[in-house]
Amino acid sequence: MSHISKRFRGFLPVVVDVETAGFDCHSHALLEIAAVPVIMNREGKVKPAETIACHVEPFEGAQLDPKALEFTGIDPYHPFRMAKPEAEALELIFEPIAEIIRVQQCSRAILVGHNPFFDLGFIKAAARRQGFKKMPFHQFSTFDTATLGGLAFGQTVLARAAKAAGIEWDNSEAHSAVYDAERTAELFCDIVNRWDRLNQE
C-alpha cells in the first residue's frame, strides 16, 4: 500500500466535523467530533479510512445556545448519547490519528473541513482547555473543501458540491458530525483523485 505522506508533503489529511452549542469556541460547548483519516490504496488513489467519532459532554461552565441546539437537534444531556468528558473524547480522537500518522510515515495531521477554521478552532480550544501539550493537527494550515468544491464544481455549499461529484446526500442525516465528516471525506477524495487523473493524462 502506498503511503499518503508522499502526496501531501508529509501530512496526513484528516477530515473533521464538529457539532457545537454555538459559534464561540471558547465559551460554547463542543458536542460531537468525527474524524475520517484519508489514506492511499495500492493504485495511488486516496480513500477514506475508518471513521473515528465521539459524543462530548459540555465542559464545566459551557454555554449552550438554544438556537444552535435546535438547529442540530442535539440534546447535550440525553443519556443515550453516551457522551464522554471532553478530555477523554479528545484522547479517543487523537490517539488513533497519532497511530495512523506513525504507520503512514507522516509528520503530522492536517485538518480537512468545509470551512475548517471553525472545526480547527473548536478542537484547539478544547485541547487548550484540557491541558493537552500537543495535538496531532497542524496549528493553522488546513484543506478547505468549500474552496476545492468551488474550484472543481463551481459549488461551495457542501450538499451541492457533493451532489455535483455524484455523492448521495440525505438532508435528514446532515448536521451530524459523522455524516458530514464522511460526506466531506468522499468529496475531498473525489476531487484529489480527479486532479491526479487529469495530471496523468
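If you read the sequence shown in the numbering used here, its first letter stands for residue 34, the second for the next number, and so on.
A virtual CB, placed ideally from N, CA and C, is assigned to each residue, including glycine.
Since this is a predicted model, take the numbers as computed values, not measurements.
Are residue i and residue j closer than 7 Å when you measure CB to CB?
| i | j | result |
| --- | --- | --- |
| P149 | I85 | no |
| A185 | I224 | yes |
| L97 | A62 | yes |
| R216 | A198 | no |
| A159 | L123 | yes |
| V49 | F221 | no |
| E65 | A210 | yes |
| S174 | I143 | yes |
| V79 | V69 | no |
| C139 | S60 | no |
| D152 | V51 | yes |
| A131 | P81 | no |
Report the residue from the options whose alpha carbon sits nearest the alpha carbon of residue i.
| i | options | result |
| --- | --- | --- |
| Q163 | E132, E90, N226 | E90 |
| D177 | K39, P46, E201 | P46 |
| M73 | F44, E119, Y212 | F44 |
| E219 | G183, C87, W202 | W202 |
| H171 | R141, E52, A82, G182 | R141 |
| E93 | F56, A120, Q188, G183 | A120 |
| Q233 | G77, G55, F56 | G77 |
| A95 | K117, H147, T53 | T53 |
| N204 | R40, T105, F165 | T105 |
| R114 | P99, H88, K100 | H88 |
| A116 | A67, A131, H147, P99 | A67 |
| G55 | W228, K100, P81 | K100 |
| H189 | E83, I200, H147 | A small correction: the amino acid at residue 189 is Thr; His does not occupy that position in the sequence shown. Cα-wise, what sits closest to T189 is H147. |
Who pairs with residue i in a beta bridge, going by DSSP?
| i | result |
| --- | --- |
| F44 | R141 |
| Q233 | In the DSSP output, where bridge partners are listed per residue, Q233 has none listed. |
| C87 | I66 |
| K80 | I72 |
| K117 | V89 |
| E52 | E65 |
(message) So, does the stretch 101-110 touch the stretch 130-145, judging by three or more C-beta pairs under 8 Å?
(response) no
(request) Pick out the complete beta strand (DSSP E) segments inside the stretch 128-208, 3 residues or longer, and give them in chain order. (result) 141-146, 170-177
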